[in-house]
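Count along the sequence shown from 1, then add 378; that gives the number in our numbering.
All residues carry an ideal CB built from backbone N, CA and C; glycine is no exception.
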Amino acid sequence: MGPLASLEQWDDFVQERYQPDKKQEEFRQYDDATPPAVREFYRLNHTQQTVDFVRRKKRQYLAKDRGKMSIWEALEYLNTLVDESDPDTDLSQIEHNLQTAEAIRKDGHPRWFVLTGFIHDLGKLLCLYGEPQWAVVGDTFPVGCAYSDKIVFPEFFRENPDSKVPAYRTRLGVYSEGCGLDSVDLSWGHDEYLYHVVKDYLPEPGLNMIRYHSFYPAHREGAYGYLMNDRDREMFEWVRRFNPYDLYSKGAGRPKLSDLRPYYDGLIAEYFPDKIAW
Ligand SMILES: [Fe+2]
Ligand SMILES: [Fe+2]
Numbered sequence: 379m380g381p382l383a384s385l386e387q388w389d390d391f392v393q394e395r396y397q398p399d400k401k402q403e404e405f406r407q408y409d410d411a412t413p414p415a416v417r418e419f420y421r422l423n424h425t426q427q428t429v430d431f432v433r434r435k436k437r438q439y440l441a442k443d444r445g446k447m448s449i450w451e452a453l454e455y456l457n458t459l460v461d462e463s464d465p466d467t468d469l470s471q472i473e474h475n476l477q478t479a480e481a482i483r484k485d486g487h488p489r490w491f492v493l494t495g496f497i498h499d500l501g502k503l504l505c506l507y508g509e510p511q512w513a514v515v516g517d518t519f520p521v522g523c524a525y526s527d528k529i530v531f532p533e534f535f536r537e538n539p540d541s542k543v544p545a546y547r548t549r550l551g552v553y554s555e556g557c558g559l560d561s562v563d564l565s566w567g568h569d570e571y572l573y574h575v576v577k578d579y580l581p582e583p584g585l586n587m588i589r590y591h592s593f594y595p596a597h598r599e600g601a602y603g604y605l606m607n608d609r610d611r612e613m614f615e616w617v618r619r620f621n622p623y624d625l626y627s628k629g630a631g632r633p634k635l636s637d638l639r640p641y642y643d644g645l646i647a648e649y650f651p652d653k654i655a656w
């Protein structure tokens, strides 16, 4: 399916890169220490996420014609994605999602914020639809304009066919100054897919958290500000608020699904109809 032992291996790598106590000078030293499988994953991602690829995937998935499922059915389906060889965890996908949501709930955030945490990675279903890992996870970045050197492993972009297209090589590429992220194509993955599945149901800050949670070059590194508008900048406050829960809630004790089920049933029913289109 791909070089990574599991999709979590990418999550773990990001978490490691953004450890809170990490010093600035250590930050750029990840290259040598990175497991070969993770490097290879980024090489595949950075060489194959092109403008054409992203547009093709949008045509394929944004029609949402793969049938209807409830949020729980989607979670249970995602649970069938087993991590063959992730030694650090025997937690299921549902439990990972619960940890994120419970950490948000403990901090007293609004109910929609908890729900956003609970579902934010459901787009990883793409993997079960047969998409390769490099088209499901990975730090996202705009296609159709110059690659920021703030993106992890920028050297792998040299082999991307788009880097030979003059119209895509300038700072703005096919976009205009301050055009707003909604009109920017980001590399394809679980963020964008889930955003389109849930966009009619959640408040705008939650939708932004889902759509941009892997856009580390922007929300952690400050790149691509020139593509954003004022609304994006406002919304990115929420994206940044969400990020620590995504990165650091993993270690927090094993959540007990049976105890929590009534709360999450109520929460889901408050925002979603029985079944939604995927
Ligand atoms: Fe994610
Ligand atoms: Fe996540």
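Counting the other CB atoms within 10 Å of its CB gives Thr428 a total of 16 or more, which places it among the buried residues. In the three-state reduction of the DSSP assignment, Met606 falls in the coil class, being assigned neither a helical nor a strand state. With a cut-off of 7 Å, the C-beta of Asp637 is classified as distant from ligand 1, since no heavy atom of the ligand falls inside that distance. Looking at Gln397, Val416 and Ala411, the one whose alpha-carbon comes closest to that of Gln387 is Val416.
In this structure, DSSP gives Leu645 a helical state, which the three-state scheme calls helix.
The residues Ala524, in chain order, have a CB closer than 6 Å to that of Arg549 in the same chain once the five nearest residues on each side in sequence are set aside. Within 7 Å of the C-beta of His597 there is not a single heavy atom belonging to ligand 1. If you check the CB distance, Tyr420 and Phe531 come in under 8 Å.
A distance criterion of 7 Å places the beta-carbon of Asp390 beyond contact range of ligand 1, judged by its closest non-hydrogen atom.
DSSP links Leu382 through a beta bridge to no other residue.
Listed as beta-bridge partners of Pro520 by DSSP are Leu564. Setting aside the 5 residues that flank it on each side, Cys557 is surrounded in the same chain by Leu605 and Asn607, each with a C-beta closer than 8 Å to its C-beta; the list follows chain order.
DSSP places Lys628 outside both helix and strand once states are collapsed to three, so it counts as coil. Membership of Asp430 in the alpha helix (DSSP H) is indicated by the continuous run Val429 to Tyr439.
Secondary structure note for Gly584: its alpha helix (DSSP H) is the uninterrupted segment Glu582 to Tyr590. In the DSSP assignment, Thr458 falls outside any alpha helix (DSSP H) and carries neither an H nor an E. In this structure, Leu572 and Leu500 form a Cβ contact; the two beta carbons are roughly 5 Å apart against a cut-off of 8 Å.
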